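Novice: Sharing a structure with you now.
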Amino acid sequence: MSNIVLITAGSSIAHYAEMLRKTLPAPENLSIVNCYMEEAVNYARNQLPSDTDVLIARGNTAKLLKAAHLSIPIVTIPIQDSELIQSIESAKKAYDAKDTSIAYLGIEDVLQSVREFLNLMHCKIRLYPINSSQDIRTGIQRAKREGVKVVIGGIYTQQLAAEAGLDCILLESSLASVKEAYERALEVQRGFILQRKKVQERTLILNSITDGILSINETGRVTVCNPAAETYFGSSSAYLCGKSFAPLFPQSEKELIQKCFTLGQSVTHHSFFLNDQTFQLSINPIFAGSSCRGAVLTFSPESSHFRPDSAKQRMHQHGLTSMQSNAKDNKKGDFSSFFELTGTHPLFQHAISLGIRYAKLSMPVLLIGEEGTGKETFARCMHHLDPQNPQIFVSREASLLTTDDLLSANTGTLYIRNAHRLSLSMQETLSDLLRTGSVRLDLQTRKALRLRLMLGSDQDLSKLLTSGFYYLVNSLILPLPSLAQRREDIPLLAHNKISYFNQLYEKSCNDTPEFCETLTLEAWPGNIRQLESLIQRMVLLSEPDAVFTGKESLSIPDDTAFYQHLLHDSPLAKADSDISVPAAQPGILIKRRNVTFEELRELDRFYHGKKTLIAQKLGISRSTLWRFYKMMENLNI
């Protein structure tokens, strides 16, 4: 089998190729194949010997082969000025043609190189650029319209010219040109073999390492995944390569990786959970000059008793989307597509229509609706529909938003919950980001960021945000209807939620028309979130095959009865005297800012109870943080 394949278009190049092969010490290493244009591309894709190192071709055939993005290099047989001049002279003699009645059909690269030479020679032939078979057909038709008598080109041009009744002179190659291309192919082959050896060495090294290794490029897509990483993720390298790293990691690690990538910082020995097991993660950015162009992630289980079957059971078998849609991994039932949302009411469908339109734009979006109407769900759907394919979705409570969160959301989407709680300083930071495309890290340093802002609120933001910031973010406003405004959707929503929790808790509960009618009569101040919470409680506490029939099944969505046993005048309900607890929103005063207990619980959930990370986020010591937790315990919060 040959290592270099020379594709010839016509007998002339084939003749010179055979002459060249006879002079080679190992003629079997050069294979000659007669085909051209799209036929040559099809051959290269489907019939090319597996041990081929380099392809040689000429003219438009070579250009098409390069455009096909084959895995092997393409060397082009050069077209010499002397060869073109010889063809022009042949056309003049054979057909008694003047310069203006001769046209040369060639690729733009060649036309650019010969145009100046022809001007120096005072040669006025017509030059028609071609890039495909269709271009040649168009060029032949143009030649007929413009009164051209003779065209110059390759074998395919000759065939089409004959069909159109035009004379044609083949642009013949020469033995010198074929030899030049072959010598160049030998140089490329040596480099290709050396590169292949390096790849094999790298592959052997990666395969022998027990740590999982993942390499990502500057767009956040996986370029290398070794066998250990395949085992830990439960998916093949062939599937993972070319896809975003984001779905592979928990949310907090996604944000950490993106932050390190944005700042070009390294991280070592970071603990995280994957498939119910603890791993150690290290992140090392890759630099080209001063710019970060990628990163290498290495990770390994803390315990030597890693269970690969756990990964295979919990991870996808056919793709990342199956991992994302696994009901047990997606306990909140988050959606990533507008087509997965439930509701036919005109107000809800109008909101979806706006969301689809807004997703195609890069401007900030305000999502306005009551608590529990699905503002964050809509934000996620727009994020996944973004044509620029953002890598990461970061959701933050407005009162806890920091510059680090902006860095973590770089190249992705930042959704800000309860945007009316944004501090003045953070509004200034976000305004600066929207105006300049960068944020200030310190007095001397600014960092360019590319992210999309989405802000959710149940308040009138025009009255609660500074006018300067509000008018930077209010171009796209998406109002979401309450559940009370679309009662017709409640039965289908309830049915879908029952099905979801049946799958989650391995039950087979069902509803009835009477039960759904009862649901439509309730007020639902908590909207979809309240409905989901109620259905979850009912399925969880019911018999495996329970049938919900009416109000007796509903138990009314008012939880007041569950709190009547509390002793509001108990001494335990009083706060320590040295800690400030505002009456309206119970919390702690930290660095002149009130952090509510609800926000503290949210931090605890986000960092999976890791007190060191929570303390770092709040800028306090672990002992102070424990004191606050004790206070919450004493307050029964």
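The working numbering puts the first residue of the sequence shown at 1, with every later residue one more than the last. We put the beta carbon where it would ideally sit given N, CA and C, even for glycine. Every value quoted in this text rests on a predicted model; they were computed, and no experiment measured them.
#1: As an exercise, report each continuous alpha helix (DSSP H) stretch of at least 4 residues that is fully enclosed by the segment 228 to 262, in chain order.
#2: I need the straight-line Cα distance from residue 615 to residue 422, nearest angstrom please.
#3: Please tell me whether, using a cut-off of 6 Å, the distance from the CB of residue 293 to the nearest non-hydrogen atom of the ligand GDP is below it.
#4: What first and last residue would you give for the alpha helix (DSSP H) that runs through residue 21?
#5: Go ahead and pull the three-state DSSP assignment for residue 337.
#6: Within 10 Å of its beta-carbon, does residue 115 have 16 or more other beta-carbons around it, so buried, or fewer, so exposed?
#7: Straight-line CA distance for residue 535 to residue 498?
#8: Buried or exposed: which applies to residue 624, given that a residue is buried once 16 or more other Cβ atoms fall within 10 Å of its Cβ?
#9: Evaluate the contact criterion for the segment 255 to 264 versus the segment 225 to 241: three or more CB pairs, one atom per stretch, below 8 Å.
#10: So the candidates are 409, 159, 228, 337; which of them puts its Cα closest to the Cα of residue 438?
#11: Which two residues bound the contiguous beta strand (DSSP E) that contains residue 148?
#12: Leaving out five residues before and five after residue 34 in sequence, what residues of the same chain have Cβ atoms less than 7 Å from its Cβ?
#13: Any chance you could list the alpha helix (DSSP H) runs of at least 4 consecutive residues sitting entirely within the segment 412 to 483, in chain order?
#14: Counting Cβ pairs closer than 8 Å, one from the segment 357 to 375 and one from the segment 472 to 486, do we hit at least three?
#15: With distance defined between alpha-carbon atoms, name the residue in 273, 339, 218 nearest to residue 294.
#16: If residue 489 and residue 344 are in contact, beta carbons under 8 Å, what's the gap, nearest whole angstrom?
#17: Nearest to residue 542 by alpha carbon, out of 521, 340, 511?
#18: Any idea which residues DSSP pairs residue 588 with across the strands?
#19: Along the alpha helix (DSSP H) that carries residue 383, what are the first and last residues, could you check?
#20: How big is the Cα-Cα spacing for residue 144 and residue 167?
#21: Label residue 199 either buried or exposed according to how many other C-beta atoms from any shown protein chain fall within 10 Å of its C-beta, with 16 as the threshold for buried.
#22: Measure the Cβ-Cβ separation of residue 550 and residue 597 and say whether it is below 7 Å.
#23: Whole beta strand (DSSP E) runs in the segment 176 to 227 with 3 or more residues, listed along the chain?
#24: Residues in its own chain within less than 6 Å of residue 496 by CB, not counting five upstream and five downstream?
#25: With respect to the beta strand (DSSP E) encompassing residue 543, which residues constitute its N-terminal and C-terminal limits?
#26: Using the DSSP secondary-structure output, state which residues sit across from residue 32 in a beta bridge.
#27: Quick check on this structure: which residue in 504, 20, 197, 232 has the alpha carbon closest to the alpha carbon of residue 181?
#28: How would you label residue 11, buried or exposed, when you count the other beta carbons within 10 angstroms and need 16 or more for buried?
#29: If you scan the segment 150 to 175 from start to end, which runs of the beta strand (DSSP E) of 3 or more residues do you find wholly inside it?
#30: Given this structure, state the Cα-to-Cα distance separating residue 164 from residue 140, to the nearest angstrom.
#31: Do you know whose CA, among 443, 454, 406, lies nearest residue 433's CA?
#32: Could you check what DSSP says for residue 91 in three-state terms: helix, strand or coil?
#33: So what does residue 608 bridge to, in DSSP terms?
#34: So residue 520 packs on residue 487, CB below 8 Å; how close in whole Å?
#35: Which partner residues of residue 128 appear in the DSSP bridge assignment?
#36: So who's on the other strand from residue 516, going by DSSP bridges?
Specialist: So, to answer that:
#1: 237 to 240
#2: 21 Å
#3: Absence of the ligand GDP is noted for the structure shown, with no ligands found whatsoever.
#4: 11 to 22
#5: coil
#6: exposed
#7: 6 Å
#8: exposed
#9: no
#10: 409
#11: No beta strand (DSSP E) holds residue 148; DSSP gives it neither H nor E.
#12: 8, 14
#13: 424 to 436, 461 to 464, 467 to 473
#14: yes
#15: 218
#16: 6 Å
#17: 511
#18: 595
#19: 375 to 385
#20: 11 Å
#21: exposed
#22: no
#23: 212 to 217, 222 to 225
#24: 342
#25: Here residue 543 belongs to no beta strand (DSSP E), and DSSP marks it neither H nor E.
#26: 6
#27: 20
#28: exposed
#29: 150 to 153, 167 to 170
#30: 7 Å
#31: 406
#32: helix
#33: DSSP output for residue 608 lists no bridge partner at all.
#34: 5 Å
#35: 105
#36: In DSSP, residue 516 forms no bridge with anything.
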